[in-house]
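Asker: Here you go, one structure.
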Amino acid sequence: MLTPVIMAGGTGSRLWPLSRQLRPKQFLSFTDEATMLQQTLSRLQGLNQQSPIVICNEEHRFLVAEQLRQIGGEGGRILLEPMGRNTAPAIALAAIAATQQGKDPLLLVLAADHLIQDVERFHACIEQAIPLAEQGHLVTFGVVPTHAETGYGYIHQGAELGQGFKVKCFVEKPDADTAATYLASGEYLWNSGMFLFRASRYLEELEQHQPAMLEACRAAMGDTADDLDFTRVCAQAFAKCPDDSIDYAVMEKTDKAAVVPLDARWSDIGSWSSLWDVSDKCDAGNSCHGDVLHEETRNTLVRADSRLVATVGIDDLVIIETKDAVLVAHKDKAQDVKKIVQRLKEQQRPEFVNHREVYRPWGIYDSVDNGERYQVKRITVKPGAKLSVQMHHHRAEHWIVVSGTAEVTNGENTYLVSENESTYIPIGQVHALKNPGVIPLELIEVQSGSYLGEDDIVRLKDNYGRA
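If you're matching positions, the sequence shown starts at 181 in this note's numbering and goes up one per residue.
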């Protein structure tokens, strides 16, 4: 039986401004109503599998839990990485977790942000790989290339091995001429970053090639703490772990690497141009999402999230509009969006970190307007959810209920506030907000004071472990 291991870290910087540090591409919807993480989990249906292990960053834990809940995947285990250490240690944590209680399953290691359109063929390739994994091989899935791509690493396949091939070598991202040579030879596959192997075999290879990494991961998993739906590993132990990918740490060193060709309409959606490649298009080659009008426009990707976007007389562009940013880029330069993201990070701009709409475990808030001494937010609280018991040193808050009913704790008093009613929270007052109803609570919050930053929140009690 398979145990899926879903790697849900990463930032997806080349898909800015939609993908942000606190809501990267794996938690977004691009080609379907479901997010990429949800699509990854849903396409496993039909396989002989156990509940998945999802590995994610601490700051994304509530996103993962909520998205699993939405598709009925609450039985999965969520491992929290205290800090990023690349794919080899992340998979080691999952392998150690999977072998606890004497079990030793086959691990199907997948990224949370890949698109696979032919699920039936995907399942068939996994079935081809299972006998190789059961024989002790570390199997990777090599995508059959459709063009001379320079943005992927390649796998040079060797002699036939069961229903796959031995791996002759892994090669780095090539230049255009080398990629064309690879394509013409028919011997090279794109490196997908997906794997299948016995948990114990992966740990044996780590012990041989990266003993310090395995030691740090064992120590981290030897001191875990369960928190709600999550398993926290020991941060102090994990911090000592070397930073390395599974390719460098294991796959390029082992003599048991095998590859199964995958021809299932795969894409890693690594840039806006690759999204245009796999999207439905009109006769003029345009892929549009949202409120878009185009005239004399060809071969262009336009995404409008919050307002009308109109285009006239353009070709081969990417135009992405969100509530707080607009990107315009030539499709041939879509990989360079990460350079803009790096500048945003260096300048410590909020557009690097989050959207105007921010997701919290209790719901969402949207920063509608702000000025020197005020900020206006639209807040939505899920039924039954409660914000932390908290206070602020520098700001007062006015709450106006738009729909639903709010249960407000204001100092020593707790009372209900209904639609078209309001309440006031003075500076320094201990307070809390809860939605006691069965429909979402929506309210407008007006903050006023000398400092309005999110770090002016002193949490005294919290249902989500943040106090």
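Ideal Cβ placement from N, Cα and C applies to all residues, glycine included. All values reported here derive from a predicted model rather than from experimental measurement.
Keeping to the same chain, check which residues put their C-beta closer than 7 Å to that of Ser425; ignore five residues upstream and five downstream.
Answerer: Closer than 7 Å at the Cβ level, and outside the excluded window around Ser425, lie Asn266, Thr267, Ala268.
Asker: What are the boundary residues of the alpha helix (DSSP H) that Leu273 is part of?
Answerer: Run containing Leu273: 267-278, per the alpha helix (DSSP H) assignment.
Asker: Got a sec? Which residues, its chain only, sit under 6 Å from Pro616 by beta carbon, not counting five neighbours each side?
Answerer: Cβ within range, chain order: Glu587.
Asker: Mapping DSSP to helix, strand and coil, what is Gln250?
Answerer: Looking at Gln250 - three-state DSSP - the assignment turns out to be helix.
Asker: How do the stretch 339-348 and the stretch 304-323 stand: do at least 3 beta-carbon pairs fall below 8 Å, yes or no?
Answerer: In short, these stretches touch, since the Cβ pair count reaches three.
Asker: So is Met216 buried or exposed if we call it buried at 16+ other beta carbons inside 10 Å?
Answerer: Burial call: buried.
Asker: For the beta strand (DSSP E) that contains Trp579, what are its first and last residues?
Answerer: It spans 575-583 - the beta strand (DSSP E) in which Trp579 sits, taken as one unbroken run.
Asker: Going by DSSP, what residue range makes up the alpha helix (DSSP H) through Ile520?
Answerer: That run of the alpha helix (DSSP H) goes 517-526.
Asker: Hey, quick one: how far does the beta strand (DSSP E) through Trp370 stretch, first residue to last?
Answerer: Element bounds for Trp370: 368-378.
Asker: May I ask which residues mark the beginning and end of the beta strand (DSSP E) holding His336?
Answerer: Per DSSP, His336 belongs to the beta strand (DSSP E) from 334-341.
Asker: If you draw a straight line from the C-alpha of Gly645 to the C-alpha of Ser447, how long is it?
Answerer: Cα-Cα distance, rounded: 37 Å.
Asker: Give every residue of the same chain whose Cβ lies closer than 7 Å to the Cβ of Ala464, excluding the five residues on either side of it in the sequence, and list them in chain order.
Answerer: So the list reads Thr477, Arg478, once near-sequence residues are dropped.
Asker: Taking the straight line between their C-alpha atoms, what separation do you get for Pro606 and Gly591?
Answerer: If I take the Cα positions, the gap works out to 9 Å.
Asker: In terms of residue numbering, what span does the beta strand (DSSP E) encompassing Thr411 cover?
Answerer: Where Thr411 is concerned, the enclosing beta strand (DSSP E) stretches over 410-412.
Asker: In the DSSP assignment, find the unbroken alpha helix (DSSP H) run with Ser222 in it and report its ends.
Answerer: Looking at the DSSP string, the run of the alpha helix (DSSP H) that includes Ser222 is 216-222.
Asker: Taking the Cβ atom as the reference point for each residue, do Leu455 and Phe210 lie within a distance shorter than 7 Å?
Answerer: Yes, Cβ-Cβ distance for Leu455 and Phe210 is below 7 Å.
Asker: Hey, how far is the Cα of Ala484 from the Cα of Cys468?
Answerer: C-alpha separation (whole angstroms): 8 Å.
Asker: Quick one: any contact between the stretch 501-519 and the stretch 185-199, if contact means 3 or more CB pairs under 8 Å?
Answerer: With a cut-off of 8 Å, the stretch 185-199 and the stretch 501-519 count as touching, because enough Cβ pairs lie within range.
Asker: Between the stretch 576-583 and the stretch 632-645, do three or more beta carbon pairs fall short of 8 Å?
Answerer: Touching, no.
Asker: For a minimum of 3 consecutive residues, which ranges assigned as the beta strand (DSSP E) are wholly contained in the stretch 191-216?
Answerer: Entirely contained in the stretch 191-216, not one beta strand (DSSP E) run reaches 3 residues.
Asker: What is the rounded straight-line gap between the Cα of Thr560 and the Cα of Leu248?
Answerer: Using only the alpha carbons, I get a separation of about 20 Å.
Asker: Across which residues does DSSP place His510 in a beta bridge pair?
Answerer: His510 is bridged to Leu497.
Asker: Between Gly316, Gln297, Glu254, Asp298, which lies nearest to Asp284 when the distance is taken from Cα to Cα?
Answerer: When each option's Cα is compared against that of Asp284, the closest is Gly316.
Asker: For Lys433, count neighbouring C-beta atoms within 10 Å of its own C-beta (all shown protein chains included) and say buried if the count is 16 or more, exposed if not.
Answerer: Classification for Lys433: exposed.
Asker: Ordered along the chain, which non-local residues of its own chain (more than five positions away) have a Cβ less than 7 Å from that of Glu367?
Answerer: Result list for Glu367: His336, Gln337, in chain order.
Asker: Flag this pair as touching only if the stretch 281-298 and the stretch 250-262 have three or more C-beta atom pairs under 8 Å; answer yes or no.
Answerer: Touching, no.
Asker: Please identify the residue among Gln570, Val489, Gly629, His574 whose C-alpha is closest to the C-alpha of Ala552.
Answerer: Sequence check: residue 552 is Glu here, not Ala. Selected option, being the one with the closest Cα: Gly629.
Asker: Counting along the chain, where does the beta strand (DSSP E) carrying Ser630 start and finish?
Answerer: Ser630 -> no beta strand (DSSP E), and no H or E assigned at all.
Asker: Going straight from the alpha carbon of Leu295 to that of Val244, what length do you get?
Answerer: The alpha-carbon atoms of Leu295 and Val244 are separated by roughly 18 Å.
Asker: Whose C-beta lies closer than 6 Å to the C-beta of Leu507 among residues of the same chain, with five residues either side of it excluded?
Answerer: Hits under 6 Å: Pro197, Ile500.
Asker: Express the C-alpha separation of Glu634 and Val413 in angstroms, rounding to a whole number.
Answerer: The straight-line gap from Cα to Cα measures roughly 27 Å.
Asker: Looking at Glu531 and Ser583, is the spacing between their C-beta atoms short of 7 Å?
Answerer: No, the pair does not count as a contact, with Cβ atoms beyond the cut-off.
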